[in-house]
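In my numbering, the protein residues as written are 429 to 618. All C-beta atoms, glycine included, are put in the ideal place defined by N, C-alpha and C.
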Amino acid sequence: MTDRDELTLADEIVARARIHAREVVADDRLPVDLGAVEWAVSSRARRRAGCCRWDADRDVATIVLARRAYERYDWPAFAGIVRHELVHAWEFQRFGESGHGDRFRERAAALEAPRHCEAFAEPRYVLRCRATGCDWQANRHRASKPVKSPDRYRCGDCGGVYEVEHVESGRTWTDASGYGGAKAALGEKW
429 MTDRDELTLA DEIVARARIH AREVVADDRL PVDLGAVEWA VSSRARRRAG
479 CCRWDADRDV ATIVLARRAY ERYDWPAFAG IVRHELVHAW EFQRFGESGH
529 GDRFRERAAA LEAPRHCEAF AEPRYVLRCR ATGCDWQANR HRASKPVKSP
579 DRYRCGDCGG VYEVEHVESG RTWTDASGYG GAKAALGEKW
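Rendered as structure tokens:
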């Protein structure tokens with residue numbers, strides 16, 4: 429075997445996912461047409477452990493699994509992610525759409541698949557409601573609009589204003605100028 433012939437980690441992930449998918453389909457727990465499922469691995473994904481994309485023109489579902497999640501989770505947890513994405517593939521194949529509603533919840537529960545996957549990476553930012561008595565918060569991995577301009581948004585629970593924390597440095601801000609100031613002050617550490 430030459431260096432070019434060696435299997436990569438992505439090959440391993442796809443091989444294990446395909447084997448697991450065949451096991452799930454073989455015992456009639458989920459009638460997915462695996463012939464209409466393609467597999468891919470993302471080395472860039474930081475938030476999502478997996479996703480399922482539907483190509484309606486070809487009637488093909490592509491399940492994309494995150495390499496970082498595979499490295500972080502043990503196999504039983506990662507296999508749950510594979511089952512989660514297979515439920516999406518089944519919904520797309522059968523209904524042309526997929527979400528996390530009642531139909532998904534029922535199938536995922538039957539497969540002992542998580543409805544939502546645990547985060548496998550630490551967030552870069554945390555949004556928090558500043559209102560007294562409200563403990564709402566959300567993790568963010570990218571500088572989304574609410575991260576850059578938290579003063580333009582309100583808490584969905586109580587209507588309070590947000591504060592954003594840059595997790596690594598502990599710096600916080602409540603408006604766009606605070607975001608710019610924190611980014612400038614941190615420089616390369618941003």
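Item, Value
"Assigned secondary structure, A477 (DSSP; H/G/I helix, E/B strand, else coil)", "coil"
"Beta-carbon gap between R599 and A549 smaller than 8 Å", "no"
"Residue range of the unbroken beta strand (DSSP E) whose run includes E513", "First-last for E513: 503 to 523, but that is the alpha helix (DSSP H), not the beta strand (DSSP E)."
"Three or more C-beta pairs below 8 Å linking the stretch 556 to 566 and the stretch 585 to 592", "yes"
"Segment contact flag, the stretch 595 to 611 with the stretch 512 to 528, C-beta cutoff 8 Å, min 3 pairs", "no"
"Terminal residues of the beta strand (DSSP E) in which E540 lies", "First-last for E540: undefined, no H or E at that position."
"Three-way DSSP call (helix, strand, coil) for E451 in this model", "helix"
"Span separating the alpha-carbon of D455 from that of A566", "38 Å"
"T430, buried or exposed, once every other Cβ within 10 Å from all chains shown has been counted against 16", "In this prediction, T430 has a pLDDT of 46, which is less than 50 and means its spatial position is unreliable; what the coordinates show is noted afterwards. By the neighbour-count rule (16 or more Cβ atoms within 10 Å), T430 is not buried but exposed."
"Cβ contact check for the stretch 563 to 583 and the stretch 516 to 530: 3 or more pairs under 8 Å", "no"
"Whole-number beta carbon distance between R495 and V453, since they are thought to touch under 8 Å", "Actually they are not in contact, since the Cβ atoms of V453 and R495 sit about 24 Å apart, beyond 8 Å."
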